[in-house]
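Visitor: Numbering follows the numbering used here, with no gaps: position 28 of the sequence shown is 38.
Can you read through this structure? Questions will come right after.
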Amino acid sequence: MSEGIFDYLKNQANIDKSEIYQMVDAVQHADMNDEQTVRRIVRQLSRLANKRISSSKEDKIVEAIVKNQVPMDMKTLENYLK
11 MSEGIFDYLK NQANIDKSEI YQMVDAVQHA DMNDEQTVRR IVRQLSRLAN KRISSSKEDK
71 IVEAIVKNQV PMDMKTLENY LK
């Protein structure tokens, strides 16, 4: 990963580089078809970014990931996560 990305995340969300690597490692080894696993990761990311998400938003994100329906273009993804 580029150092610029780490600097951006540190400045925007106060997320440390080591925390990012821990999450990347967790996601790489996770069963993204398992709802409970995905829900745990979504909650961890929410805490890491210090951004609360509603239960309905969490459900929507988890369902999209488990069903492999995550939008790939940034505009759609941005609207999806609002």
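By construction, the Cβ of each residue, glycine as well, lies at the ideal position given by its N, Cα and C atoms.
Which residue marks the beginning of the alpha helix (DSSP H) containing A74, and which one marks its end?
Guide: S65 to V76 is the extent of the alpha helix (DSSP H) around A74.
Visitor: Cα-Cα, which of E29, K85, E13 and R49 is closest to S64?
Guide: Checked all of E29, K85, E13 and R49; the closest Cα to S64 is R49.
Visitor: Is V80 helix, strand or coil by DSSP?
Guide: In the structure shown, V80 sits in coil (DSSP, three-state: anything other than H, G, I, E or B).
Visitor: Where does A23 sit, in a helix, a strand or coil, going by DSSP?
Guide: Three-state DSSP puts A23 in a helix.
Visitor: Report the three-state DSSP secondary structure of D35 (helix, strand or coil).
Guide: Helix, per DSSP.
Visitor: Excluding the five sequence neighbours on either side, which residues of its own chain have a C-beta within less than 7 Å of the C-beta of S56, listed in chain order?
Guide: Excluding positions up to five away in sequence, the list reads R62 and I63.
Visitor: Tell me which residues share the same chain as F16 and place their Cβ nearer than 6 Å to its Cβ, disregarding the 5 neighbours each side in the sequence.
Guide: Same-chain partners within the cutoff: K27.
Visitor: Compare the Cα-Cα distances from E29 to each of A59, D41, T47 and Q22 and report the closest residue.
Guide: Of the listed residues, the one whose Cα sits closest to E29 is A59.
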